[in-house]
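Chemist:
Protein chains: 2
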Amino acid sequence: MPLLDDQMAFLLTCDRLKGVERTTSLHSGQRMENSAEHSWHLALMALTLGEYAHPGTDLGQVVKLVLVHDLVEIHAGDLHFEASAAQLAAQAIQEKQAAQTLFGLLPGEQREAFQVLWEEFEAGQTAEARFARALDALHPMLLTWGQDGLGCTDRAPDLTQERVLRLKEPRLREFPAFWQWAQQLLEKAAEAGLLPSEQKAASPLPGS
Amino acid sequence: MPLLDDQMAFLLTCDRLKGVERTTSLHSGQRMENSAEHSWHLALMALTLGEYAHPGTDLGQVVKLVLVHDLVEIHAGDLHFEASAAQLAAQAIQEKQAAQTLFGLLPGEQREAFQVLWEEFEAGQTAEARFARALDALHPMLLTWGQDGLGCTDRAPDLTQERVLRLKEPRLREFPAFWQWAQQLLEKAAEAGLLPSEQKAASPLPGS
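One line per chain: the protein sequences are A and B, in this order.
Sequential numbering from 1 applies to the first sequence in UniProt numbering.
Sequential numbering from 1 applies to the second sequence in UniProt numbering.
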């Protein structure tokens with residue numbers, strides 16, 4: 001069964017995504033998250049939060065996009081969301097090569113289908129890709145500052161409330177409920193002392 | 001935003017699935033797999049192996065089923081596939097309670113939708129649930145004995161080629177390509193000495 005054998009070889013290679021560590025910890029703070037479980041969580045977000053997508057968004061397609069979006073990290077690794085423009089450019093080249101190597105394990109038509117899914121997510125143009133990218137932007141915020149979040153931001157010591165918002169705004173602003181939720185979440189995190197605020201740092205403390 | 005807050009609370013609780021350890025290791029053998037990354041891998045299998053489903057199977061529904069199927073383990077834990085009938089019965093009660101607790105975090109209609117997904121997978125009656133359960137049966141075999149598999153079966157020292165096949169047959173037989181692939185995989189694993197064979201153990205070794 002050469003076709004099924006090729007597909008199984010692809011699926012076994014994908015197993016390595018479970019070993020790609022992200023820069024976000026689990027909500028418990030016990031260990032860093034890996035990209036496979038992150039992808040599962042995004043797909044579950046798509047099932048749960050579909051009502052906030054633009055009308056007509058194909059949620060089944062959103063699920064496919066998030067399941068596949070990080071696969072290239074098997075060869076290219078993960079990059080921190082604060083990476084520089086030069087780092088991002090180098091990563092983009094590596095990811096293109098990684099996609100060719102990885103999806104090249106699949107038979108012809110399927111190779112093309114996976115490549116197209118990955119490119120759709122990366123381009124961020126369709127309603128489905130924009131919603132998938134909004135979920136991808138929300139997810140680490142939820143794990144880090146949600147509820148009794150431990151705010152594990154050791155790897156980004158110079159984050160501020162305002163900086164996170166500026167970084168997230170391009171993906172979140174078009175989804176008003178998400179954008180409002182994110183702003184409230186960071187406001188609470190700043191109030192709880194989990195995340196510094198530029199404004200508060202710039203103004204003298206009351207009574208000082 | 002009480003509705004979105006409830007949904008986010010549900011999603012944060014689901015984060016705990018990343019801490020539920022399965023009895024199967026990653027393909028590399030480096031550590032045990034957790035149920036969140038297992039669920040992601042099953043969804044990827046559904047995207048990759050859809051052509052082996054019965055005609056008319058809704059693959060989008062299969063993906064939903066596998067994304068949700070293990071969520072109750074957050075409260076009920078995972079059970080080894082060789083568990084006794086008594087263990088299985090106790091687990092079934094625990095999982096029902098777990099489903100009520102977990103899906104109860106969601107608003108009314110959504111609670112019902114997730115409960116129905118979970119029940120559909122458990123019942124294994126629809127074409128979608130039967131395909132999802134076949135993938136769930138194949139997955140640990142792929143990780144354990146696929147390609148250069150390390151055959152990490154430390155937690156099941158009395159497994160044999162024939163016993164694995166008997167356990168897997170009810171889920172796999174109706175999908176001929178999967179059933180044939182599984183038989184060949186175990187035959188190779190037995191030949192490589194990764195898995196004992198009852199037949200070979202019963203007959204004297206050549207030359208002895």
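Here a beta-carbon is modelled for each residue, glycine too, at the ideal position from N, C-alpha and C.
Mind reading off the beta-carbon distance from leucine 172 (chain A) to alanine 182 (chain A)? Whole number of angstroms is fine, and I expect it under 8 Å.
Modeler: Along the first sequence, read from residue 1 onward, the residue named residue 172 (chain A) stands at position 172. Along the first sequence, read from residue 1 onward, the residue named residue 182 (chain A) stands at position 182. About 6 Å; that satisfies the 8 Å criterion.
Chemist: With a 10 Å radius around its C-beta and 16 neighbouring C-beta atoms as the bar for buried, classify proline 206 (chain B) as buried or exposed.
Modeler: Within the second sequence, numbered from 1, the residue matching residue 206 (chain B) stands at position 206. Its pLDDT being 49, under 50, proline 206 (chain B) is placed unreliably in this model, and the value from its coordinates should be taken loosely. Answer is exposed; the Cβ neighbour count stays below 16.
Chemist: Under three-state DSSP, which class holds serine 208 (chain B)?
Modeler: For the purposes of this step, residue 208 (chain B) is taken as residue 208 along the second sequence, with counting starting at 1. No answer about serine 208 (chain B) holds up, because its pLDDT of 42 lies below 50 and its placement is not dependable.
Chemist: Which residue wins for smallest C-alpha separation from tryptophan 179 (chain B), given the options B:Gly193, B:Leu195, B:Met141 and B:Ala192?
Modeler: For the purposes of this step, residue 179 (chain B) is taken as the residue at position 179 of the second sequence. It is B:Met141.
Chemist: Leaving out five residues on either side along the sequence, give the residues of the same chain with a beta carbon under 8 Å from the beta carbon of glutamine 7 (chain B).
Modeler: Residue 7 (chain B) sits at position 7 when you count from the first residue of the second sequence. The answer, listed in chain order, is Leu106, Pro107 and Gln110.
Chemist: Taking Cβ-Cβ distances shorter than 8 Å, what residues in chain A pair up with methionine 32 (chain B)?
Modeler: Position 32 of the second sequence, counted from the first residue, corresponds to residue 32 (chain B). By Cβ distance, chain A contributes nothing, its closest Cβ being about 11 Å from methionine 32 (chain B), past 8 Å.
Chemist: Is the CB of phenylalanine 131 (chain A) under 8 Å away from at least one CB in chain B?
Modeler: Translated into the one-based positions of the first sequence, residue 131 (chain A) becomes position 131. Judged by the 8 Å Cβ criterion, phenylalanine 131 (chain A) is not in contact with chain B.
Chemist: Is alanine 98 (chain B) close to chain A, meaning its C-beta is less than 8 Å from at least one C-beta of that chain?
Modeler: What you label residue 98 (chain B) is simply residue 98 of the second sequence in a count that begins at 1. With 8 Å as the cut-off, alanine 98 (chain B) does not count as an interface residue toward chain A.
Chemist: With distance defined between alpha-carbon atoms, name the residue in B:His80, B:Val66 and B:Ala85 nearest to glutamate 119 (chain B).
Modeler: Locating residue 119 (chain B) in the second sequence gives position 119, where the first residue counts as 1. That would be B:Val66, whose Cα lies nearest to the Cα of glutamate 119 (chain B).
Chemist: Could you check which residue in B:Val62, B:His38, B:Ala177 and B:Glu73 has the C-alpha nearest to that of alanine 46 (chain B)?
Modeler: Sequence index remark: in the second sequence, residue 46 (chain B) carries index 46 (1-based). Measuring from the Cα of alanine 46 (chain B), the nearest candidate turns out to be B:Val62.
Chemist: Quick check on arginine 22 (chain A): does DSSP put it in helix, strand or coil?
Modeler: Residue mapping note: residue 22 (chain A) aligns to position 22 of the first sequence, counting from 1. If DSSP states are grouped into helix, strand and coil, arginine 22 (chain A) belongs with the strands.
Chemist: Could you say which of A:Thr57, A:Thr13 and A:Ser35 lies nearest to glutamate 21 (chain A) if we only look at CA atoms?
Modeler: Taking the first residue of the first sequence as position 1, residue 21 (chain A) is located at position 21. Of the listed residues, the one whose Cα sits closest to glutamate 21 (chain A) is A:Ser35.
Chemist: What does aspartate 78 (chain A) reach in chain B if we use C-beta pairs closer than 9 Å?
Modeler: On the first sequence, position 78 is the one that residue 78 (chain A) refers to. The premise fails here: aspartate 78 (chain A) is roughly 15 Å from chain B at the closest Cβ pair, so nothing lies under 9 Å.
Chemist: Taking glycine 29 (chain B) as the reference, give the member of B:Ala9, B:Leu59, B:Leu143 and B:Ala76 with the closest Cα.
Modeler: Position 29 of the second sequence, counted from the first residue, corresponds to residue 29 (chain B). It is B:Leu143.
Chemist: State buried or exposed for serine 25 (chain B), treating a residue as buried only when at least 16 other CB atoms are found within 10 Å of its CB.
Modeler: In the second sequence, residue 25 (chain B) corresponds to position 25, counting from 1. Buried, since its Cβ has 16 or more Cβ neighbours within 10 Å.
Chemist: Is lysine 188 (chain B) close to chain A? Criterion is C-beta to C-beta, closer than 8 Å.
Modeler: Indexing the second sequence from 1 puts residue 188 (chain B) at position 188. By this cut-off, lysine 188 (chain B) is not an interface position.
Chemist: Can you list, in chain order, the stretches of the alpha helix (DSSP H) that have 4 or more residues and sit fully within the UniProt domain "HD" (14–167) of chain A?
Modeler: Runs found: 35–48, 59–68, 73–76, 85–103, 108–123 and 127–145.
Chemist: Kindly indicate which three-state DSSP category alanine 192 (chain B) falls into: helix, strand or coil?
Modeler: Counting from one through the second sequence, the residue named residue 192 (chain B) turns up at place 192. In the structure shown, alanine 192 (chain B) sits in coil (DSSP, three-state: anything other than H, G, I, E or B).
Chemist: Quick check: is the beta carbon of serine 197 (chain B) nearer than 8 Å to any beta carbon in chain A?
Modeler: Taking the first residue of the second sequence as position 1, residue 197 (chain B) is located at position 197. So no, serine 197 (chain B) is outside the interface.
Chemist: Leaving out the 5 sequence neighbours to the left and right, which residues in its chain are closer than 7 Å to glutamine 94 (chain A) when beta-carbon positions are compared?
Modeler: Locating residue 94 (chain A) in the first sequence gives position 94, where the first residue counts as 1. Ala76, listed in sequence order.
Chemist: Any beta carbon from chain B within less than 8 Å of phenylalanine 10 (chain A)'s own beta carbon?
Modeler: Translated into positions along the first sequence, residue 10 (chain A) becomes position 10. Chain B contact via Cβ: present.
Chemist: Run the proximity test for glutamine 184 (chain B): is its beta-carbon closer than 7 Å to any non-hydrogen atom belonging to the ligand ZN?
Modeler: Ligands displayed in this structure: none; no statement on the ligand ZN is therefore possible.
Chemist: Hey, how far is the Cα of aspartate 136 (chain A) from the Cα of leucine 195 (chain B)?
Modeler: Along the first sequence, read from residue 1 onward, the residue named residue 136 (chain A) stands at position 136. Along the second sequence, read from residue 1 onward, the residue named residue 195 (chain B) stands at position 195. For aspartate 136 (chain A) and leucine 195 (chain B), the distance between alpha carbons rounds to 41 Å.
Chemist: Applying a beta-carbon distance threshold of less than 7 Å, which residues of chain B neighbour leucine 49 (chain A)?
Modeler: Stepping through the first sequence from its first residue, residue 49 (chain A) is reached at position 49. Within 7 Å Cβ-Cβ: Gln7.
Chemist: Is the shortest distance between the beta-carbon of leucine 67 (chain B) and the beta-carbons of chain A less than 8 Å?
Modeler: Residue 67 (chain B) sits at position 67 when you count from the first residue of the second sequence. Answer yes: the Cβ-Cβ gap between leucine 67 (chain B) and chain A drops below 8 Å somewhere.
Chemist: Distance, Cα to Cα, leucine 138 (chain B) vs phenylalanine 103 (chain B)?
Modeler: Position 138 of the second sequence, counted from the first residue, corresponds to residue 138 (chain B). Position 103 of the second sequence, counted from the first residue, corresponds to residue 103 (chain B). Approximately 28 Å, taken between the alpha carbons.
Chemist: Flag aspartate 15 (chain B) as yes if its beta-carbon sits less than 8 Å from any beta-carbon of chain A, otherwise no.
Modeler: The residue you call residue 15 (chain B) lines up with position 15 of the second sequence. At least one chain A Cβ lies under 8 Å of aspartate 15 (chain B).
Chemist: Taking CB distances under 8 Å as the criterion, tell me whether glutamine 115 (chain B) reaches chain A.
Modeler: Residue numbering aside, residue 115 (chain B) sits at position 115 when the second sequence is read from its first letter. Not one chain A Cβ lies under 8 Å of glutamine 115 (chain B).
Chemist: Rounded C-beta distance between leucine 11 (chain B) and leucine 44 (chain A)? I'm assuming under 8 Å.
Modeler: The residue given as residue 11 (chain B) occupies position 11 in the second sequence. The residue given as residue 44 (chain A) occupies position 44 in the first sequence. Confirmed, Cβ separation roughly 7 Å.
Chemist: Output needed for valine 72 (chain A): all residues of its chain with C-beta closer than 7 Å, excluding positions within five of it in sequence on either side, in chain order.
Modeler: Taking the first sequence and counting its residues from 1, one reaches residue 72 (chain A) at position 72. Same-chain partners within the cutoff: Glu95, Ala98, Ala99, Leu102 and Trp118.
Chemist: How many angstroms separate the CA atom of alanine 123 (chain A) from the CA atom of leucine 49 (chain B)?
Modeler: On the first sequence, residue 123 (chain A) is found 123 positions in, with the first residue counted as 1. On the second sequence, residue 49 (chain B) is found 49 positions in, with the first residue counted as 1. Near 26 Å, if we compare the C-alpha coordinates of leucine 49 (chain B) and alanine 123 (chain A).
Chemist: Could you tell me the alpha carbon to alpha carbon distance between alanine 189 (chain A) and aspartate 5 (chain B), rounded to whole angstroms?
Modeler: On the first sequence, position 189 is the one that residue 189 (chain A) refers to. On the second sequence, position 5 is the one that residue 5 (chain B) refers to. Using only the alpha carbons, I get a separation of about 15 Å.
Chemist: If you drop the 5 nearest sequence neighbours on each side, which residues of the same chain put their C-beta closer than 8 Å to that of glutamate 162 (chain B)?
Modeler: Within the second sequence, residue 162 (chain B) is the residue found at index 162, counting from 1. Answer for glutamate 162 (chain B): Ser197, Glu198 and Gln199, listed in chain order.
Chemist: Once you ignore the five residues that flank arginine 16 (chain B) on each side, which residues in its own chain have a CB closer than 8 Å to its CB?
Modeler: Stepping through the second sequence from its first residue, residue 16 (chain B) is reached at position 16. Excluding residues within five positions, the ones whose Cβ falls inside 8 Å are Ile74.
Chemist: Would you kindly check if the distance between the Cβ of serine 39 (chain A) and the Cβ of aspartate 78 (chain A) is under 8 Å?
Modeler: Position 78 of the first sequence, counting from 1, holds the residue named residue 78 (chain A). Position 39 of the first sequence, counting from 1, holds the residue named residue 39 (chain A). Going by C-beta atoms, aspartate 78 (chain A) is not nearer than 8 Å to serine 39 (chain A).
Chemist: Just to confirm my understanding: we take glutamine 53 (chain B), look at its own chain, exclude 5 residues before and 5 after, and list those with CB closer than 6 Å. What are they?
Modeler: Position 53 of the second sequence, counted from the start, is the residue given in the question as residue 53 (chain B). The amino acid at residue 53 (chain B) is misidentified as glutamine; the sequence shows alanine. Answer for alanine 53 (chain B): Phe131, listed in chain order.
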